[in-house]
Structure formats: structure tokens, C-alpha cells
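Residue numbers (our numbering): 1 to 280.
Glycine residues also receive a C-beta, built at the ideal position from the N, C-alpha and C atoms.
Predicted model only: the values in this text are computed from it and were never measured.
Accompanying notes for the structure given below.
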Amino acid sequence: MSTEEPVSARLPGALLLCRAEPDSVAAVAPLLGERMPLARAGEGWSVLVPEGRAWREGGEPVDRVVGGWAAALAVGAPWPVLALWWDADRAGYTLASGFRRPVGYVWLADGTPAGEDEAMRTFAARLGLDPVLDVQSLDRLTRADPDAGREPGARAAGAGARARLRGLLAVLTRAGITLPAGLDPGAGADRLGAAADALPGVLRTETAGRRPTADESRLAAWMPWTGGPGSRVLALAQMATGLPLTVWGLRRRSGGWTAAGVLLIGHGALGAAYGLAKRT
């Protein structure tokens, strides 16, 4: 009997979970530079399904790409972004929220934990999970039990890591996350994209470079501070932070972090312009 792993087990993939309604996510998603299916993923959650071009053509690891995207989406928004990612060797997550340092965890392909326990506790706190029951469940995912992340009879490389991600999602159902049918951690980007396109009510984010309109109701979903007393200060701070981050991302040829910098600059510029308009 052949034990060769299926090709699908070696393909990178990712999901971006945003704690916001699809319309709010659609307002900022164009700045990531890639069109993506966007669907509801439970009560108060949405999911973006990257097509994979960024890591296939850019030569950048999937975790670095989606980590930068998560940071870009979360900057200045009132909601966190959770990036789930996997490739042939590893799987993990990155949680970004505002200007705070992102937190993440990694498992090796066979499910062996390769992260810090403290990251899980920070993760739980930022998502408002139960500090006892949910943290205990998350702690089990950090144990070096060789069977803890495995699925019975699984032979494909990465099955253990994927099972750990499913364990993570099982905990997050208590935070309202429910992935639509067909969006399973471990599938390649093409397969995920096809499954997402078949979902009822799925949206497609706009093409890169198209920015959201500047009407107040549209901005309120992702820039709730616009026009407030500290709006100009925050807008200038965003632009000041975004410029060096963009330069750093370009030097490192990091599409994800470049997008984060561009989003900061755009966020700040649009906020400053809107604030000035409110005063005139």
C-alpha cells in the first residue's frame, strides 16, 4: 500500500477571520491587493479566502503573507483579525488587534507544538475567551502529546497540524466562529476558493487600489474615531507609523507588511482629510 501523501496535503493555504460583518470587512479588504471571496463565518464574524497568488508568485512564506495582511486589516479597526495558515511543514495562526503586537502559535506537520504557552493565554485574553474553561482547552493544544493532534488513521503529512487547527476552531465556536461548509483548514488555496465561491451570499472583494467611499456611515465601520477630538492626532500617528513600515516591507519584499504600511498611510490620510472636511 502506498504511503505517499496526496498533493493537496503539501499545498499552502490560509483563512482570514475578522470579527466584523462582511460589509465592514469589504470596506478595507481592497487594500490587501488581492481579490478574495468574503463570507459570513458565524455570529459577528466574517472570513476572507485568499487565492494564494501572493505566496505562489511572490516566493514569500504563507505565514508571513497572511500575518502582514492580518495586521493591515486590524490596524485602526475596532475588530481583531485571526489568520489561520498551513503548508507542508507547519501550521499555525496569527492574531492581530489594533496597534498591539500580533500573537501567534505554530505546530509542526505531525502536530508537535512549536510555540510559547504564553501566546495562547494572550490569544484567549484578546478574544475575550473564558479564562478557565477555554484556556484549559487551548492549553491542551500546546501539549507535546504525539497523539493529541493526530486524526485516527491519518497518513498525510500535516494531518496532525491541521487537527490542531480544528481543535483551535472548536474552542472558538464559543466566541461565535462557525466556518462555512467546505472551508476546512489544510486544503489548498484553489480548493478553498472554489468552495467559497459556491457559498450562498458570498461576496467578492474589490480589486486592489479601490478605496472605500468617504461617507460617514461607510467609515463608521472601520474608522469609528473619525471626526472625534483626537482624530487628527491619531491620523498623523498612523501616517508616521505607516511610512517606515512600508519602506521596511518593500526592502524585505514582504507583501503582507507592505500592505500593512500602505493601509496605515491610507487610513491616516483618509482620516485626516475627513476630519478637516468635518471642520469646514
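Query                                                                                                                                                  : Result
Grab me the residues of Gly230's own chain with a C-beta within less than 6 Å of its C-beta, minus the 5 sequence neighbours each way, in chain order. : Residue placement at Gly230 cannot be trusted, given a pLDDT of 45 that sits under 50; what the coordinates show is reported in the next sentence. Excluding sequence neighbours, Gly230 sits near nothing in its chain.
Would you mind sorting Asp139 into buried or exposed? The rule is 16 or more other CB atoms within 10 Å of its CB.                                     : exposed
Among all the DSSP beta bridges, which residues are the ones paired with Arg55?                                                                        : Position check: residue 55 holds Trp in this sequence, whereas Arg was assumed. Trp55 pairs with nothing; no bridge assigned.
Helix, strand or coil: how does DSSP classify Ala187 here?                                                                                             : coil
Do you know how far the Cα of Asp190 is from the Cα of Leu183?                                                                                         : 11 Å
If you drop the 5 nearest sequence neighbours on each side, which residues of the same chain put their C-beta closer than 8 Å to that of Ala119?       : Val103, Gly104, Tyr105
Take Val132 as the anchor and find which of Leu141, Ala14, Val202, Arg121 has the nearest alpha-carbon.                                                : Arg121
So who's on the other strand from Pro113, going by DSSP bridges?                                                                                       : Trp107
Measure the alpha-carbon distance for Arg143 versus Gly128 and round it to whole angstroms.                                                            : 22 Å
Where do the N-terminal and C-terminal ends of the alpha helix (DSSP H) with Arg70 fall, by residue?                                                   : Here the sequence assigns Ala to residue 70, which means Arg is not the residue at that position. Note, Ala70: alpha helix (DSSP H), 62–74.
Quick one: grab the DSSP three-state call for Leu144.                                                                                                  : Here residue 144 turns out to be Ala, not Leu, going by the sequence shown. Note: Ala144 maps to coil in three-state DSSP.
For Pro30, write down the residues that DSSP places opposite it in a beta bridge.                                                                      : Paired residue(s): none; Pro30 is not in a bridge.
My understanding is that Gly13 touches Thr178, with C-beta atoms under 8 Å, so please give their C-beta distance in whole angstroms.                   : Contact flag wrong, Cβ pair sits at about 19 Å.
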